[in-house]
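Undergrad: Have a look at this one.
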Amino acid sequence: DAGVIQSPRHEVTEMGQEVTLRCKPISGHDYLFWYRQTMMRGLELLIYFNNNVPIDDSGMPEDRFSAKMPNASFSTLKIQPSEPRDSAVYFCASSFGFGGLEGYTFGSGTRLTVV
Amino acid sequence: AQSVTQLGSHVSVSEGALVLLRCNYSSSVPPYLFWYVQYPNQGLQLLLKYTTGATLVKGINGFEAEFKKSETSFHLTKPSAHMSDAAEYFCAVSDGRGSQGNLIFGKGTKLSVKP
């Protein structure tokens, strides 16, 4: 398996623009997680899905953020409109089971810079 | 509720010296415990895990950790540091069994290795 695949690796956008981050989880994994990492706040869980259904989005900072998982092999995280404070590295992770025996497998992340 | 405390946000050792990264957890049930490593500009990788059985677990790159229930600790050690060990290390805990329980991450410890 190629692991969790995220795209793009880097994204630079202007304030006010829409940004879409993409994630392909490991085949057979039933949980998918979106995290944000910043120097100030560390690793934050934004939202997670189970069998494509959003379960907990309490970590999503505000309504400008939305996430979807239309099928078992694809998820998106959208920010509209983007703001400079959204600059961070966004990670997608997947797992078999919630916090189960194998832990989570992380993608390489998308480094977002909003100018 | 579960929690993870990593003592020391930065640890610096000399090449060849002992590496000790501290992790204490809080969990109401026997936990699953994990250490992840993040190299610069990469995602988190699973280093080692404790689920059940032997309390001393060995991971990749010569790292090991010992689960001490009486001390609620899961410290990470390596007898001799190598320059390539410079990275950020995250401890995580889950009280899940199968589909239950979330993976809670500590704030991370950045390890520097001096020549």
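If you're matching them up, the sequences are chains A and B in order. Take the first sequence: its position 37, counting from 1, is numbered 37 in our numbering, and each next residue is one higher. To convert a position in the second sequence, counted from 1, into our numbering, add 115. All C-beta atoms in this analysis are idealised placements derived from N, C-alpha and C, irrespective of residue type, glycine included. All of these numbers come straight from a predicted model, not from anything done at the bench.
#1: Cβ of residue 161 of chain B less than 9 Å from any chain A Cβ?
#2: Could you tell me the distance, in whole angstroms, from the CA atom of residue 52 of chain A to the CA atom of residue 28 of chain A?
#3: Which residues, in chain order, does the stretch 55–73 of chain A contribute to contact with chain B at a C-beta distance below 8 Å?
#4: Strictly under 9 Å for the Cβ-Cβ distance: is residue 32 of chain A near chain B by that measure?
#5: Locate the beta strand (DSSP E) running through residue 11 of chain A, then write down its first and last residues.
#6: Within the 9 Å Cβ cut-off, does residue 207 of chain B reach chain A?
#7: Pick out whichever of B/160, B/143, B/186 and B/176 has its Cα sitting closest to the Cα of residue 170 of chain B.
#8: Which residues mark the beginning and the end of the beta strand (DSSP E) in which residue 85 of chain A is found?
#9: Kindly indicate which residue of A/54, A/3, A/81 and A/110 has the alpha-carbon position closest to the one of residue 24 of chain A.
#10: So, does the CB of residue 95 of chain A fall closer than 9 Å to a CB anywhere in chain B?
#11: Pull out every residue of the stretch 160–179 of chain B whose Cβ sits closer than 8 Å to any Cβ of chain A, in chain order.
TA: Answer, in terms of the structure:
#1: yes
#2: 12 Å
#3: none
#4: no
#5: 10–13
#6: yes
#7: B/186
#8: Looking at the DSSP string, residue 85 of chain A is not in any beta strand (DSSP E), and its letter there is neither H nor E.
#9: A/3
#10: yes
#11: 160, 161, 164 and 166
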